[in-house]
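K.L.:
Residue numbers (this note's numbering): 464 to 592.
And the structure:
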């Protein structure tokens with residue numbers, strides 16, 4: 464038997480380390496775009512209490528992190544708005560940025576069913592109905 468560290472093992476270990484570094488770096492960069500808040504296992508600290516008063520827990524969460532906060536656990540992200548002004552700004556004034564469907568070419572445009580509520584895009588006509 465030659466050596467425990469053959470070139471194949473070194474290439475495999477180096478490739479795995481490179482993939483892990485790229486994954487870790489891009490994950491950190493992506494997470495920087497979220498508002499301040501709790502990430503990882505610390506997110507378990509905001510589990511709703513047994514008495515059912517979730518709003519008190521969210522009020523404390525927003526006092527600690529601000530009117531717009533986020534929580535991430537196991538890849539799921541939640542954004543919590545703590546004031547009506549922030550919620551109106553995001554959900555009413557900027558709703559065109561966040562409230563649309565993927566474009567359905569075959570069902571919506573080619574078949575002519577684009578005006579059906581189920582297939583229409585988010586626009587003034589959709590809001591009126």
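Each residue gets a CB set at the ideal place from its N, CA and C atoms; glycine is no exception.
In its own chain, which residues sit with a C-beta less than 6 Å from the C-beta of residue 486, not counting the 5 before and 5 after it?
P.N.:
For residue 486, where only same-chain residues beyond five positions count, there are no Cβ hits under 6 Å.
K.L.:
Can you give me the start and stop residues for the beta strand (DSSP E) that residue 535 sits inside?
P.N.:
Here the beta strand (DSSP E) through residue 535 covers 531–536.
K.L.:
Tell me where the beta strand (DSSP E) around residue 587 begins and ends.
P.N.:
Unbroken run through residue 587 is the alpha helix (DSSP H), 587–591; no beta strand (DSSP E).
K.L.:
When you compare the CB positions of residue 543 and residue 560, do they come within less than 8 Å of one another, or not?
P.N.:
For residue 543 and residue 560, no; Cβs fall outside 8 Å.
K.L.:
I need the straight-line Cα distance from residue 567 to residue 513, nearest angstrom please.
P.N.:
About 44 Å.
K.L.:
Taking the alpha helix (DSSP H) that residue 559 belongs to, which residues open and close that run?
P.N.:
Residues 558–561.
K.L.:
In its own chain, which residues sit with a C-beta less than 7 Å from the C-beta of residue 478, not counting the 5 before and 5 after it?
P.N.:
Once the five neighbours on either side are set aside, residue 478 has no close Cβ partner at all.
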